[in-house]
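Right, one structure below, let's go through it.
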Amino acid sequence: MLRDVAPATGHALEIASGTGQHIVQLAAALPGLIWQPSDIDPARLASIAAWADDAPLPNLRSACRLDATKVGWAEKHANQDVILLINLLHLISDAATQALIDEIAKALAPGGIIILYGPFMRSGVLTSAGDQAFHARLREADPDLGYKDDRTVLTKLKAAGLTPLDPVEMPANNLTIMAQKTNL
């Protein structure tokens, strides 16, 4: 799906790259994009480096430490053609989600696209028993965490000056939400 929406060339930032497995696959599949992995956790940064060492790719940069929920990171990572975020929004608060979206809007180049993948409520409804149970566990651990509502996320993207694109249903009740910076 990423091939259908990403530009053929440019710069791509993955926020919260985790182990690094996905970014290596993405860099190999989309060689015209210069990929920048990031994470906040030192152990995950080391894992990203190990994955990158096993598959040296000329379009894959060294991972950087980035807490994308903090205000101010967009300037250092400006002019991104793609920003990718996989399975994070349900693990951060609403306030952190707002800060993240605001910074993403600043970091995107004109025409750039944000791609958010993960579990979301659909119009306020959790769509499966598994989603309901996981959301409840997250909320029990921290009342600020849990699945975000798809409509709320789309509204936040729009309020940040981005143009939402049609969401795409994905396997395992996941959703891809996308938006583009259209103020050329």
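For the sequence shown, counting from 1, position 112 maps to 111 in numbering that gives the first Met the number 0; every step adds exactly one. Ideal Cβ positions, reconstructed from N, Cα and C, are used throughout, including at glycine.
Looking at the unbroken alpha helix (DSSP H) that takes in residue i, where does it start and where does it end?
i, result
"residue 51", "41-53"
"residue 139", "128-140"
What residue does the beta strand (DSSP E) around residue i start on, and which one ends it?
i, result
"residue 70", "Neither: residue 70 is in no beta strand (DSSP E) and is coded neither H nor E."
Less than 6 Å between C-beta atoms, sequence neighbours within five positions excluded: which residues of the same chain meet that for residue i?
i, result
"residue 101", "159"
"residue 60", "35"
"residue 95", "68"
"residue 98", "68, 70"
Would you mind stating whether residue i and residue j have Cβ atoms separated by less than 8 Å?
i, j, result
"residue 22", "residue 41", "no"
"residue 179", "residue 112", "yes"
"residue 80", "residue 51", "no"
"residue 121", "residue 143", "no"
"residue 29", "residue 5", "yes"
"residue 83", "residue 114", "yes"
"residue 26", "residue 56", "yes"
Can you pull the DSSP bridge partners for residue i?
i, result
"residue 173", "118"
"residue 64", "38"
"residue 162", "179"
If contacts are defined as beta-carbon pairs under 8 Å, then residue i and residue j qualify, I think. What distance do you get, rounded to the angstrom?
i, j, result
"residue 166", "residue 175", "6 Å"
"residue 138", "residue 129", "So it is not a contact: roughly 15 Å between Cβ atoms."
"residue 11", "residue 47", "So it is not a contact: roughly 14 Å between Cβ atoms."
"residue 14", "residue 65", "7 Å"
CB-CB under 7 Å to residue i, same chain, minus the five flanking residues each way: which ones, in chain order?
i, result
"residue 162", "178, 179, 181"
"residue 173", "116, 117, 118"
"residue 164", "177, 178, 179"
"residue 77", "106"
"residue 157", "163"
"residue 75", "none"
Is residue i close to chain C? Criterion is C-beta to C-beta, closer than 8 Å.
i, result
"residue 145", "In the displayed structure, chain C is absent; only one protein chain is listed."
Short of 8 Å in beta carbon distance, which residues of its chain neighbour residue i, apart from the five on each side in sequence? Order them along the chain.
i, result
"residue 16", "22, 36, 37, 38, 43, 47, 62"
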